[in-house]
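Everything below concerns the one structure shown next.
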Amino acid sequence: MTYSRIIGTGSYLPSNLVTNAELATRVDTSDEWIRARTGICQRYMAAPEQTSSALAFESAQRAIASAGITPDDIGLIIVATSTPDFIFPSTACLLQGKLGIKRCPAFDVQAVCSGFIYALDIADKFIRSGSCKYALVVGAEVFSRLLDWSDRGTCVLFGDGSGAVVLGASETPGVHASVLHADGSQAGILSTPGQICGGEILGDPFVRMDGQAVFKFAVRVLDEVAREALDLCGMQPSDVDWLIPHQANVRILEATAKKLGIDTARVVVTVDQHANTSAASIPLALDVAVRDGRIKPGQKILLEGVGGGFTWGAALVEM
Ligand code: UT7
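Start counting at 1 in the sequence shown, then tack on 121, and there's your number in the numbering used here.
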């Protein structure tokens with residue numbers, strides 16, 4: 122039996138750090154409000170010329186180096202992003218070109234903040250089926266490009282960044298189970314509803330959100346899907362060493378941990394430092410906790426995401 126295992130992680134944040142206090146000089150908000158309602162203290166913003174594929178390239182190189190393989194070993198590239206460089210070609214193909222890899226399949230997954238979990242699940246299935254030995258799975262976003270700076274209910278919440286993992290074939294399970302869901306009837310509570318037609322944007326090109334509806338939906342499905350993934354592998358919340366939910370709001374993270382009965386000391390939190398980086402947030406948090414020594418080989422990590430669509434999912438991985 123072939124399984125997949127995370128054998129390398131990497132991440133990258135753009136250099137432009139924007140604190141809440143700086144934001145409050147141009148938006149009708151305050152450091153106190155943002156910290157109290159979201160836990161966010163700061164975020165990083167990409168330079169105008171920095172695209173998602175540029176951020177993806179940096180985190181991918183780090184993940185490949187930490188896996189101890191070369192780019193030529195990669196047999197599949199999936200980039201989870203809702204802020205692709207172009208309508209086409211895909212950001213994954215652009216990343217493949219930057220890495221100098223030829224021929225392997227490369228495609229994007231668009232599941233907004235659940236995108237990394239979707240991409241991980243797909244890559245796991247490629248490896249389990251024997252289609253490839255090593256897969257590069259990246260979450261990369263320049264979400265700041267979608268923000269309406271006159272909408273204080275959304276513009277303070279997001280940041281830019283990228284995180285990546287290399288999955289390798291293994292005789293023992295790394296990814297024990299993963300679960301994906303979507304509910305298109307909830308499309309209206311979080312969306313960027315503009316479209317391109319005849320060379321022009323039709324409609325609204327910015328992130329729009331019913332914050333309270335999203336909050337309630339997120340807390341409910343993050344609990345449900347975590348239990349579903351744990352059930353699939355016959356595990357309990359107490360078996361989990363680290364919980365890494367999508368980093369949207371520290372109150373959502375704490376409510377999720379509480380519902381699952383997982384001590385908040387076992388939750389990896391980066392939303393305070395990175396804000397919400399959408400599809401990048403889970404692999405970014407994973408890489409931070411691997412590199413600072415919190416996450417150790419053999420530990421069990423519960424990754425879970427929720428985002429526009431609505432989409433949600435979870436994966437139980439053993440490092
Ligand atoms: O990846 C998934 C994406 N999104 C999320 O997960 C977000 C989920 N939702 C949330 O995190 C929260 O709903 C928010 C942080 C967005 C908002 O927090 P809230 O506690 O639900 O606040 P609210 O929307 O009920 O607004 C409370 C007040 C309002 O003023 P009034 O009507 O009470 O006078 C808002 O106008 O806070 C005001 N407000 C702000 N004040 C200062 C809203 N945004 C801001 C702001 N600064 N940035």
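All C-beta atoms, glycine included, are put in the ideal place defined by N, C-alpha and C.
**Message:** Just to confirm my understanding: we take Cys-225, look at its own chain, exclude 5 residues before and 5 after, and list those with CB closer than 8 angstroms. What are they?
**Reply:** Here the set comprises Ile-195, Gly-196, Leu-197, Ile-198, Gln-217 and Cys-253.
**Asked** Taking 6 angstroms as the cut-off, does the CB of Thr-140 come closer than this to any heavy atom belonging to the ligand UT7?
**Response** Taking the Cβ of Thr-140 as the reference point, every heavy atom of the ligand UT7 lies at 6 angstroms or farther away.
**Message:** Using a Cβ-based criterion (distance less than 6 angstroms to any ligand heavy atom), does Gln-231 qualify as near the ligand UT7?
**Reply:** A distance criterion of 6 angstroms places the beta-carbon of Gln-231 beyond contact range of the ligand UT7, judged by its closest non-hydrogen atom.
**Request:** Grab the span of the alpha helix (DSSP H) containing Cys-214 for me, first residue to last.
**Result:** From DSSP, the alpha helix (DSSP H) with Cys-214 extends over 212–220.
**Prompt:** With DSSP run on the structure shown, which of helix, strand or coil describes Trp-270?
**Reply:** If DSSP states are grouped into helix, strand and coil, Trp-270 belongs with coil.
**Request:** Select from Leu-437, Asn-397, Met-440 and Ile-416 the residue whose C-alpha is nearest the C-alpha of Gly-428.
**Result:** If we check each option's Cα against that of Gly-428, Asn-397 comes out closest.
**Request:** Counting only runs of 3+ residues fully inside the segment 345–410, write out the beta strand (DSSP E) ranges in chain order.
**Result:** You should have 363–366.
**Request:** Would you mind stating whether Ala-256 and Leu-288 have Cβ atoms separated by less than 7 angstroms?
**Result:** Contact: yes.
**Three or more C-beta pairs below 8 angstroms linking the segment 362–372 and the segment 267–276** = Here the segment 362–372 does not lie against the segment 267–276, with fewer than 3 beta-carbon pairs under 8 angstroms apart.
**Request:** Could you have a look at Gln-163 and say whether DSSP puts it in helix, strand or coil?
**Result:** Strand.
**Request:** Work out the CA separation of Trp-154 and Ala-441 for me, nearest whole Å.
**Result:** Outside the displayed range of the chain (122 to 440) lies residue 441, so it cannot be described from this structure.
**Message:** Relative to the C-alpha of Val-328, which candidate in Thr-140, Ala-350, Ala-410 and Val-263 has its C-alpha closest?
**Reply:** Ranking the options by Cα distance to Val-328, first place goes to Val-263.
**Request:** Rounded to whole angstroms, what's the CA-CA distance from Arg-126 to Ile-190? Just pull it up for me.
**Result:** One C-alpha to the other measures close to 14 angstroms.
**Prompt:** CB Val-438 to CB Val-233, shorter than 7 angstroms?
**Reply:** No. Outside cutoff.
**Request:** Could you round the C-beta distance between Gln-333 and Gly-324 to whole angstroms and report it? I think they count as a contact, below 8 angstroms.
**Result:** Not a contact, Cβ separation roughly 24 angstroms.
**Request:** Locate the beta strand (DSSP E) running through Lys-421, then write down its first and last residues.
**Result:** Run containing Lys-421: 421–428, per the beta strand (DSSP E) assignment.
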